[in-house]
Each structure stands twice: as structure tokens, then as C-alpha cells.
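Enquirer: Before we start, here is the structure in question, set down as C-alpha cells.
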Amino acid sequence: MASHSFNTLHTVFEYIWDRELPNDDFTNTLTVLGRTYAPCRPPHQERTPDLKTLFHRLKQDQAAETEASWPREFLGDVHSRIWLTYRSGFPLIRRAEDGPSPLSFGSLLRGTVDLATVTKGFTTDAGWGCMIRTSQSLLANSLLQLRLGRDWRYDRTRECPKHAEIVSWFVDIPTAPFSIHNFVEQGANCAGKKPGEWFGPSAAARSIQVLCEANYDKIGLKVYFTASGDIYEDELFELAQYGAELRPVLILAGIRLGVKNVNPLYWDFLKKTLSWPQSVGIAGGRPSSSHYFFGFQGDYLFYLDPHVPQKALLIASEAPHESPDPNHYVEVESGLDLGSVHTNKIRKLHLDQMDPSMLVGLLVENRAGYDALKRCINTHDQKSRFLSVYDSRPVLAAKSSGALDESEFVDLGVLSMNEYDAIDDCDEHSDAGACHALLRKERAFSHPVLVAMDPEEPEEIDASIHFDKDASILEKDPDRANETFEEIHVSETESRFEPDEPVVVSHDSAAVM
């Protein structure tokens, strides 16, 4: 009965939400992860169709119409992307005592709640796992490109063992390397996330990093995570260099490109990142939810939507949901529903509707690929880009500087280059002569900027480190430091500073970043 209800609700949901999207842009080139496709020509329309012709058009199959409006090569590329979604009926993920309840109005409405286990934990991620699923999609497509190449296309009539193996790493059982169970476990370890809590890009990135390192012998992929958009070559090479060559490395950049929406200043560069051959997509970027973005046409981004509930991706015996015993699960590759991780449904979102918090993925397979990526980044106008490459990370000579949690993202959403050029950090009650002249520097985005302090009069100076207005991740009270940019109620980390000594930046230093 429960299964029948689920199937019925799923069918209704799919009909309403998953309908075909016809193409209405016959001018702009279509881009998918570094590949470009010419748009179709507009269909020929008769001026005065007769009644018979009009009736025939109304009877035409909607899917056929949609397929005809998109280039065939484009549809084949989209269909080959791995698409991971909400799943229901997987082995139990036990709830935390002080964590969210599996029983909610949304779960009842979707028909995904399992009443037999609702007091124990979660057997579905519907309603809270979208960022995990889009992060899984980003990682899965990275591994797909690494092992099968960018030219590979999915064909349900042909077996591909490597493809099946990659999908098997993401099935919904505790022993799968990149299962929802392992993402939830690492979210708790890395970011304090409880089962049933929504992940932010930072928690997702840290989970990917830990899980890939734990399974490196199997997948052969390193992960470099930057929370500011800055890539430091010495750290990247230390992580992935092998002799004179560079081992495959997935670069994850956690960024925020505005306050409520993506700043138009970054639109062009955001699209450029999806046009590079190193692109493996973007996770996040939709208010109160997350999507996997893989391409664009004009100012619209193409995406895969994880908010489509499906049955758990597993092959199991009659074992109960709460059983963690891996012996209950047979060889996964032999019976995987591979068709359920692919779709040819086209969805698109205008850039002005995109949420500014996101996780950008770039796959570097060798040294030549890295050099090409570096050139792509450096050739773009520095004022309107959100990625930068440096030889090494700058060192701030302060005891408390190491307390800043690098997992926090940097807000890149200032409206202009001069909006916050001058940051006045003097205490409003201090004498005007107590502060030195401010350090000024034109910058493309709001990285933390330190001001010079007078070492002779520390008692008259607010010794806290301050950040740019909306970009601030710290409050004046160091005990209230938390993450503020993500629209979530639970901070991912807490950064504390010990302002026992003033932080001094010498006037001889031309740049703090």
C-alpha cells in the first residue's frame, strides 16, 4: 500500500514538475561543460494553417516536439550527465537526539515517510538532502570525465562496466564510498551537521574532500578546496604533484557572488567557467534549494534538479531498513537501475534568479590542463572574476591570524570596485588622532582588509579584526562569531579570536591579500 502511494504521488509530481521544456532561443550557442552546440533553426510556421493541419499539430507527441527543438548532440550530452536525486527506502540513517525529526508535513505530503522507522531515523533524504545530491552529481560527473573521457555518451542499449562502477560508488548503502550515509557522517565530523539538516556548500565540499582522500586508491582523484576563490600553487602542487607531472585533482571553490542574487558583475565570468574544458559544473545556486548547473545559453543556466523523489538506488534482500549488515546487499553493478541516474529533461534558470552561494568544480587531469586553466583565469578582467591564482598563500604575522577558519567562504558580492575602498575601523569614541591613515587598495571583491594599529596606544584602539560590511563573517563580540552568508539557521563552524594583542599590518606592506 505504501509503495503504491509512493508511486502514485511520484507520478503526479513528475507530471507537474518534470514536463518537457521546449527551446525558444534559436540565436545563442548552447554550452555544456566546455562543449558548444549550435542552436536549432526556428521551426517553419505557416501563416494560415488549415483545420486539418492544426488538429494534427495538437495531436503531436510533446516529447517529439521538444527533441526537435534542441540539437541532437546537445541532448545526447545532457543525457550522459549523471543525475542524482532524492531517494526513499534506503537503509536507516539514525537521527541525532537533538536533531531534526524524520516526520514532517513535507514528508507526509510527498509520501516518502516510512512509519515503521520514523522514530529511529531517516530512510529518505527528501526535503533536506538536495545539496548532498547536487554535490554527488558534481563529483560523479568529475569521475565520469576522468575515467571515460569527455566524448563518452550514455546508451542504455550498451553495457559500460566503468560507468556502472562509478554509479555503484554512489548507491544508497552505508558501504558505498560516496553514499548519502557517508556524506551525512562526514557532514557531522567536518561541519557539525546532524542527520536531516540541510548542507551548505562548505559542508558538502569538506565531505567530498575527506571521502575522496579516504578512497584515493580506488578513484585516483585528489581534492583541493578554496573557500575564497584563491588558488595557491604551492599548496596545489604539494597535494597533487607527482614528479614533474600533476595527478588528477578536483578544485572546489566555495563562493558567494552577492547578497540575495548573483551580482551582474560576475555573470560573464560565471558562464566562462562553464565553458572551460576543465569545468565539471556548479552545485548550489537556488534559493532554499540546490541544483547542479552544467551549462548555459545566453543568460540562462541549464541544470539538473535533485528534487525528484525516486526509490533508493540499491539492490537488497529482504533485510529491514535498519540493518547495517553489508551482506544484505548483493553485487550492485549486476542490477543497477542506471536509467534512473540519467535524464533528457531540459531545465534552465535565468542568472538573476540564481542564489549567490555555490560550489564551483574544476577538474585538472594533468599539468597541461592546469596551465590551460590558469591562462583562462588570468586572461579575464581581474575586477569581474571570482577566481585568482597565486604562487603561495600570504602569511600574516599575528598570533590570532591562524584562528580564522578557512572553511568559511568569502563574500565576493560588492557592487563596484570602489564601494568599500576605505574601511574605517577606528572606535567611534576614540580621538581622531588615535588612528593611522587607512590602508587603501582597489580590489575586485571584499576580501578581509586589515587596518594599521598604533602599537603605542593599544588601549585606545579596538583590537578586533574587522571585515567588509556585508562580507563580514565575524561580529564585534568574538564569542558570537559564526557564518552569516548562508540562509541556514545552524552555523557550519565557529571561529574565535583572542584579541590579547593588536594585529599590526606594516605600512610597508602594499597588499594584505
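Each residue of the sequence shown is one higher than the last, beginning at 1 in full-length UniProt numbering.
Heads up, the beta-carbon is just placed ideally off N, CA and C, and yes, glycines get one too.
For F386, which option in I93, L265, Y86 has the closest C-alpha, if you only look at C-alpha atoms?
Expert: To locate residue 386, count along the sequence shown from 1; it is residue 386. Out of I93, L265, Y86, L265 has the C-alpha closest to the C-alpha of F386.
Enquirer: Using DSSP bridges, identify the partner residues of H291.
Expert: Taking the sequence shown and counting its residues from 1, one reaches residue 291 at position 291. Answer is G284, bridged to H291.
Enquirer: Would W169 be called buried (16 or more neighbouring beta carbons within 10 Å of its own) or exposed?
Expert: Looking up residue 169 in the sequence shown gives position 169. Its Cβ being crowded by 16 or more others within 10 Å, W169 is buried.
Enquirer: Mind listing, in chain order, the continuous beta strand (DSSP E) runs of no fewer than 3 residues lying wholly within the stretch 344-384?
Expert: Runs of the beta strand (DSSP E) inside the stretch 344-384: 347-350, 357-364.
Enquirer: Within 10 Å of its beta-carbon, does V341 have 16 or more other beta-carbons around it, so buried, or fewer, so exposed?
Expert: In the sequence shown, residue 341 corresponds to position 341, counting from 1. With 16 or more Cβ atoms within 10 Å of its Cβ, V341 is classed as buried.
Enquirer: Comparing C-alpha positions only, which one of N23, I208, I166 sits nearest to V184?
Expert: Numbered from its first residue, the sequence shown carries residue 184 at position 184. When only C-alpha atoms are compared, the closest one is I208.
Enquirer: Taking the alpha-carbon positions, what's the L75 to H380 distance?
Expert: Along the sequence shown, one-based indexing puts residue 75 at 75. Along the sequence shown, one-based indexing puts residue 380 at 380. Rounded to whole angstroms, L75 to H380 spans 30 Å at the Cα level.
Enquirer: For P100, which residues in the same chain have their Cβ closer than 8 Å to its Cβ, ignoring the five residues on either side in sequence?
Expert: Here residue 100 is taken as the residue at index 100 of the sequence shown, counted from 1. So the qualifying residues of the chain are W128, K194, P195, G196, E197.
Enquirer: In whole angstroms, give me the CA-to-CA distance for A372 and L252.
Expert: Position 372 of the sequence shown, counting from 1, holds the residue named residue 372. Position 252 of the sequence shown, counting from 1, holds the residue named residue 252. Approximately 17 Å between the Cα atoms of the pair.
Enquirer: Looking at the structure shown, is E245 part of a helix, part of a strand, or coil, going by DSSP?
Expert: Residue numbering aside, residue 245 sits at position 245 when the sequence shown is read from its first letter. It is a strand residue.
Enquirer: Taking G121 as part of the alpha helix (DSSP H), name the residues at either end of that continuous run.
Expert: As a working note, residue 121 is residue 121 in the sequence shown. No alpha helix (DSSP H) holds G121; the beta strand (DSSP E) holding it covers 121-124.
Enquirer: By how many angstroms is the C-alpha of S279 removed from the C-alpha of D217?
Expert: In the sequence shown, counting from the first residue as 1, residue 217 sits at position 217. In the sequence shown, counting from the first residue as 1, residue 279 sits at position 279. Looking at the two C-alpha atoms, the distance is approximately 24 Å.
Enquirer: Which residue or residues does DSSP assign as beta-bridge partners of I251?
Expert: The residue you call residue 251 lines up with position 251 of the sequence shown. The partner list for I251 (beta bridge, DSSP) reads Y224, L362.
Enquirer: Taking the straight line between their C-alpha atoms, what separation do you get for E238 and P102?
Expert: Looking up residue 238 in the sequence shown gives position 238. Looking up residue 102 in the sequence shown gives position 102. Taking the straight line from one Cα to the other gives about 43 Å.
Enquirer: Cutting at 6 Å between CB atoms, please list the residues of its own chain near A240, excluding the five before and the five after it.
Expert: Numbered from 1 along the sequence shown, position 240 holds the residue referred to as residue 240. Excluding positions up to five away in sequence, the list reads K222, L246, R247, V249.
Enquirer: Please report the Cβ distance between A140 and L211, rounded to the nearest whole angstrom; I am assuming they are in contact, meaning their Cβ atoms lie under 8 Å.
Expert: Taking the sequence shown and counting its residues from 1, the one referred to as residue 140 is at position 140. Taking the sequence shown and counting its residues from 1, the one referred to as residue 211 is at position 211. Actually they are not in contact, since the Cβ atoms of A140 and L211 sit about 12 Å apart, beyond 8 Å.
Enquirer: Beta-carbon separation of A164 and L336 under 7 Å?
Expert: Along the sequence shown, read from residue 1 onward, the residue named residue 164 stands at position 164. Along the sequence shown, read from residue 1 onward, the residue named residue 336 stands at position 336. The answer is yes: Cβ separation under 7 Å.
Enquirer: When the Cα of S137 is compared with those of I377, L349, H307, which residue comes out closest?
Expert: Here residue 137 corresponds to residue number 137 of the sequence shown, with the count starting at 1. Comparing Cα-Cα distances from S137 to each of I377, L349, H307, the minimum goes to H307.
Enquirer: Measuring alpha carbon to alpha carbon, tell me which residue in G149, P174, E97, I173 is nearest K162.
Expert: Working through the sequence shown from its first residue, we reach residue 162 at position 162. The option with the nearest alpha carbon to K162 is G149.
Enquirer: Please name the residue, chosen from S290, I82, Y303, Q310, that lies closest to S357 on a Cα-to-Cα basis.
Expert: By one-based count along the sequence shown, residue 357 stands at place 357. Of S290, I82, Y303, Q310, the residue nearest in Cα terms is S290.
Enquirer: With H, G and I counted as helix, E and B as strand and the rest as coil, what does DSSP make of Q297?
Expert: Mapped onto the sequence shown, residue 297 falls at position 297. Correct three-state label for Q297: strand.
Enquirer: Span of the beta strand (DSSP E) holding T36?
Expert: In the sequence shown, the residue the question calls residue 36 occupies position 36. Taken as a continuous stretch (DSSP letters only), the beta strand (DSSP E) holding T36 covers 35-37.
Enquirer: Among the candidates A283, A244, L338, E233, whose CA atom is the shortest distance from the CA of I255?
Expert: Locating residue 255 in the sequence shown gives position 255, where the first residue counts as 1. If we check each option's Cα against that of I255, A283 comes out closest.
Enquirer: Closer than 6 Å by C-beta to K271: which residues in its own chain qualify, once you throw out the five before and the five after it? Chain order, please.
Expert: Counted from its first residue, the sequence shown places residue 271 at position 271. So the qualifying residues of the chain are F296.
Enquirer: Cα-Cα, which of A368, I346, Y86, A205 is closest to F294?
Expert: Numbered from 1 along the sequence shown, position 294 holds the residue referred to as residue 294. When each option's Cα is compared against that of F294, the closest is I346.
Enquirer: Please determine, among A38, A126, P39, the residue with the shortest C-alpha to C-alpha distance to residue 541.
Expert: The structure shown does not extend to residue 541, since the chain spans only 1 to 513, so no value can be given for it.
Enquirer: Given a threshold of 16 other Cβ atoms within 10 Å of its Cβ, counted over all protein chains shown, does D77 qualify as buried or as exposed?
Expert: Stepping through the sequence shown from its first residue, residue 77 is reached at position 77. Burial call: buried.
Enquirer: Could you tell me the alpha carbon to alpha carbon distance between R95 and G258, rounded to whole angstroms?
Expert: Your numbering for residue 95 matches position 95 in the sequence shown. Your numbering for residue 258 matches position 258 in the sequence shown. Straight-line Cα distance between these residues: approximately 34 Å.
Enquirer: If T123 and F90 are in contact, beta carbons under 8 Å, what's the gap, nearest whole angstrom?
Expert: Start at 1 with the first residue of the sequence shown, and residue 123 comes out as number 123. Start at 1 with the first residue of the sequence shown, and residue 90 comes out as number 90. Between F90 and T123 the Cβ distance is about 6 Å, and since that is below 8 Å, they are a contact.
Enquirer: Excluding five sequence neighbours on each side, which residues of the same chain lie with their C-beta closer than 8 Å to the C-beta of P39?
Expert: By 1-based counting over the sequence shown, the position of residue 39 is 39. Counting only Cβ-Cβ distances below 8 Å, and skipping sequence neighbours, we find N23, D25, F26, T27, N28, T29, L30, P71, Q297.
Enquirer: Alpha carbon to alpha carbon, how far is D391 from S228?
Expert: On the sequence shown, position 391 is the one that residue 391 refers to. On the sequence shown, position 228 is the one that residue 228 refers to. Cα to Cα, D391 sits roughly 15 Å from S228.
Enquirer: Quick check on Q136: does DSSP put it in helix, strand or coil?
Expert: Stepping through the sequence shown from its first residue, residue 136 is reached at position 136. It is helical.
Enquirer: Which runs of the alpha helix (DSSP H) fall wholly inside the stretch 127-185 and span at least 4 residues, in chain order?
Expert: Segments of the alpha helix (DSSP H) lying fully in the stretch 127-185: 130-148, 161-168.
Enquirer: Using a Cβ-Cβ cut-off of 6 Å (strictly less than) and excluding sequence neighbours within five positions of P277, which residues of its own chain qualify?
Expert: Taking the first residue of the sequence shown as position 1, residue 277 is located at position 277. Same-chain partners within the cutoff: G34.
Enquirer: Output yes or no for whether 7 Å exceeds the beta carbon distance between L301 and L359.
Expert: As a working note, residue 301 is residue 301 in the sequence shown. As a working note, residue 359 is residue 359 in the sequence shown. Result no, Cβ atoms of L301 and L359 do not sit closer than 7 Å.
Enquirer: Measuring CB to CB, does A176 end up less than 7 Å from G187?
Expert: Here the question's residue 176 lines up with position 176 in the sequence shown. Here the question's residue 187 lines up with position 187 in the sequence shown. No, these two residues do not count as a Cβ contact at 7 Å.
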